[in-house]
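Residue numbering for the sequence shown follows the numbering used here, starting at 8 and increasing by one per position.
In this text, a Cβ means the ideal position worked out from N, Cα and C, and glycines have one as well.
Note that the structure is a prediction, hence the values are computed from the model and not measured.
Here's the structure we're looking at; comments come further down.
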Amino acid sequence: MNHDLFGVSPTLLRAPSWLGRDVAEEIHLPLMPGDYKVIPGDDRWTVTCLKTGATIYRGIGPVEVLRAPAPF
């Protein structure tokens with residue numbers, strides 16, 4: 008398969024939004040889903056990049072890192 012022609016589905020960080028219980032915010036991430044670690048917490052959830060150790064997200068949860076349904 009030619010990834011240049013079809014593209015690769017992006018990785019998304021999906022987190023709760025302040026807009027309401029059924030609304031989620033999605034943040035596009037540059038690496039594959041397996042390159043991130045989600046750490047649940049009581050007040051704050053953390054997402055770190057396993058390759059760099061950088062904190063990508065620290066905030067309310069639940070949070071998930073997943074493959075987007077289609078390339079953009």
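| Item | Value |
| --- | --- |
| Provide the residue(s) that pair with G27 in DSSP beta bridges, ordered along the chain. | S24 |
| What's the gap between the Cα of I63 and the Cα of Y43? | 9 Å |
| In terms of DSSP beta bridges, what is T18 paired with? | L36 and R74 |
| What number of angstroms, rounded off, separates the C-alpha of I34 from the C-alpha of I46? | 17 Å |
| Near A22, which residues of its chain fall below 6 Å by C-beta distance, leaving aside the five closest residues on each side in sequence? | E32 and V70 |
| What residue range is occupied by the uninterrupted beta strand (DSSP E) comprising I46? | Y43 to I46 |
| Going by DSSP in three states, T62 sits in which element: helix, strand or coil? | strand |
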